[in-house]
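Have a look at the structure below before the remarks.
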Amino acid sequence: MKVQSSLFALAGLTALLSACGTTTAPTETDPYAGHVYAQSNAASNTVVSYGRSADGKLTKLGEVSTGGNGSDGKLVVVKPGKAAVDPLFSNDSVLLTPDHQRLFVTNAGSGSVSAFSLDASGAPKLVGTYPSGAANPTSLSVSGELLYVSHGDASAQNVQITGFRIGADGSLTAIPAASYAPSKASVITQVKFSPDAKFLQTSELMNDIIALYPVAANGTLGAPVQNASVAAGKGVFGTAWLDSTHLLVSEAMSGSVSSYAVDASGKLTPISAAVPNNQKATCWLKITPDKKFVYASNTSSGNVSVYRIGADASLTLVNAVAASLPAGGAVDFMDNPSSGTVDLVISADGKYLYQQYSGLGVVAAYSIGSDGNLTPIAGGDATGLPIGTEGLAGY
985 MKVQSSLFAL AGLTALLSAC GTTTAPTETD PYAGHVYAQS NAASNTVVSY
1035 GRSADGKLTK LGEVSTGGNG SDGKLVVVKP GKAAVDPLFS NDSVLLTPDH
1085 QRLFVTNAGS GSVSAFSLDA SGAPKLVGTY PSGAANPTSL SVSGELLYVS
1135 HGDASAQNVQ ITGFRIGADG SLTAIPAASY APSKASVITQ VKFSPDAKFL
1185 QTSELMNDII ALYPVAANGT LGAPVQNASV AAGKGVFGTA WLDSTHLLVS
1235 EAMSGSVSSY AVDASGKLTP ISAAVPNNQK ATCWLKITPD KKFVYASNTS
1285 SGNVSVYRIG ADASLTLVNA VAASLPAGGA VDFMDNPSSG TVDLVISADG
1335 KYLYQQYSGL GVVAAYSIGS DGNLTPIAGG DATGLPIGTE GLAGY
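The number in our numbering is simply the position in the sequence shown, starting from 1, with 984 added.
Next comes the structure, spelled out in structure tokens:
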């Protein structure tokens, strides 16, 4: 009887883990340990899907239209229309839900968001493409049935952040009156729910403001708590929640990363202030599942830095250049040649990191060492994406 009870308990635990999307073992319907999805950002936008093998290698599986338009590799803000390796100036333009059942993609060239369902093999199927509510949608965040979108520019009605409800079929419906703007004009580079869904955080690049909006029960937002970036850290860009009370922030203009404590009101207190890596345009952040390391993509330098995260959420630089690829013919928004490190993904098991090089049209595969350093996986890269691709999600 005890053995039978143990078996039932084990079966229940296995089912629970599977439902939470934490297992990555291949199945009969899906021979891959995980999947990675890239946005081409082409004029006729597409999502390119890859299978992740147990050894970390990527295999292209397919490409599907979003039903919308990308920016065709051109900047949508700062210097609109200029070809550059960082065309969207944002994090999370492609977003995968935690259960790996839904995928959402911004179409910066047509002011829309595309919703996809993912079948048992990880293949995306377009549910629909929906107006995003403002110009140049570039960043997404999901919490439960809520989806929020931030835009590179405010609309004529001064709208720059919009909220949607996700239907049972994955469709999107705009939440009435869920339209917001920063305190003054700025480029919003990221929108991100806190893990407990208490706040929606935005990064205001030009204002050097980290804003936390309280989320109401009906999905609308309250007045934001506006936190100025620490004096040494300029150009707040990417963020990553360590947990609901700790936030990591990249500073593009300083080439640094900071960590903050978040109190119940949404006020931030610095823990590690602007820890430098001496690289250019530190923008994208990703934390390992065990929360020991955070990786930062330095777009203009075309490389990746790694920091160790302390038990108190303090940061220590491990390696300023843990990975890099040489520049091709593409340039950043300041006309500096760059391979264009933009979005990155860490596998659910914490073994592999995938770095999108927008200036090369490559998603490079690396194994993660116990010390946080990265080793290229021979034959593991995905190639053939257009120059100016931006947006990556996966597990």
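Glycine is no exception: its CB is placed at the ideal position from the N, C-alpha and C atoms. Bear in mind that the values here come from a model prediction, so they are computed numbers and not experimental data.
Item, Value
"Terminal residues of the beta strand (DSSP E) in which Ala1348 lies", "Val1346 to Ile1352"
"Whether Thr1204 touches Ala1165 by CB criterion (8 Å)", "no"
"Nearest neighbour of Asp1039, chosen from Gly1334, Ser1354 and Leu1059 [CA to CA]", "Gly1334"
"Straight-line gap, Phe1277 to Ser1127 (C-alpha atoms, nearest Å)", "24 Å"
"Among Ser1342, Asp1355 and Ala1311, the one whose alpha carbon lies nearest that of Thr1367", "Ser1342"
"Identity of the residue in Lys1168, Val1214 and Pro1064 nearest Met1237 by Cα", "Val1214"
"Three-state secondary structure assigned by DSSP to Gly1005", "With a pLDDT of only 39 at Gly1005, under the threshold of 50, the placement of this residue in the model should not be trusted, and no figure is reported."
"For Ala1200 and Leu1376, the rounded distance between their alpha carbons", "29 Å"
"Residues sharing a beta bridge with Ile1361, DSSP", "Paired residue(s): none; Ile1361 is not in a bridge."
"Which of helix, strand or coil DSSP assigns to Tyr1385", "Missing from the structure shown is residue 1385; the chain here goes from 985 to 1379 and no further."
"Straight-line gap, Ala1138 to Thr1013 (C-alpha atoms, nearest Å)", "44 Å"
"Trp1268 versus Asn1202: straight-line alpha-carbon distance, rounded", "31 Å"
"Entirely enclosed beta strand (DSSP E) segments - the region 1045–1092, minimum 3 residues", "1078–1080 and 1086–1091"
"C-beta atoms of Lys1168 and Asn1142 nearer than 8 Å", "no"
"Range covered by the beta strand (DSSP E) that runs through Glu1129", "Looking at the DSSP string, Glu1129 is not in any beta strand (DSSP E), and its letter there is neither H nor E."
"Through-space distance from Thr1325 to Leu1358, alpha-carbon basis", "15 Å"
"Sheet register partners of Val1214 (DSSP bridge)", "Val1214 is not bridged to any residue."
"Of the listed residues Pro1198, Asp1070, Ser1094 and Pro1179, nearest to Thr1223 (C-alpha basis)", "Pro1179"
"Residues that Tyr1341 bridges to, as DSSP identifies them", "Thr1325 and Val1346"
"CA-to-CA distance, Val1233 to Lys1251, given in whole angstroms", "14 Å"
"Euclidean distance between Cα positions of Ala1319 and Ser1055", "Ala is not the amino acid found at residue 1319; the sequence shown has Asp there. If you take the alpha carbons of Asp1319 and Ser1055, they lie about 18 Å apart."
"Per-residue burial, Ala1362 [other beta carbons within 10 Å of its own, 16 or more giving buried]", "exposed"
"Per-residue DSSP class, three states only, for Pro1179", "coil"
"Per-residue burial, Gly1264 [other beta carbons within 10 Å of its own, 16 or more giving buried]", "Here residue 1264 turns out to be Lys, not Gly, going by the sequence shown. It is buried - the Cβ of Lys1264 has at least 16 other Cβ atoms within 10 Å."
"Whole-angstrom distance between Val1175 and Ser1228, CA atom to CA atom", "15 Å"
"Contact check, Pro1071 vs Gly1372, beta carbons under 8 Å", "yes"
"Presumed contact (8 Å Cβ cut-off) between Gly1093 and Ala1027, rounded CB distance", "7 Å"
"Beta-carbon proximity of Ile1194 to Ser1123, cut-off 8 Å", "no"
"Straight-line Cα distance separating Leu1087 from Ser1134", "17 Å"
"Spatial neighbours of Asp1076 in its chain, beta-carbon cut-off 6 Å, leaving aside the 5 residues before and after", "Ser1123 and Leu1124"
"Where Val1288 falls: helix, strand or coil (DSSP)", "strand"
"DSSP three-state assignment for Ile1316, whether helix, strand or coil", "As written in the sequence, residue 1316 is Asp, which differs from the Ile given in the question. Three-state result, Asp1316: coil."
"Three-state secondary structure assigned by DSSP to Ser1242", "strand"
"Pairwise C-alpha distance: Ala1311 and Thr1043", "24 Å"
"For Pro1160 and Pro1321, the rounded distance between their alpha carbons", "44 Å"
"DSSP three-state assignment for Thr1424, whether helix, strand or coil", "Residue 1424 lies beyond the residue range present for the chain, which begins at 985 and ends at 1379; the question has no answer from this structure."
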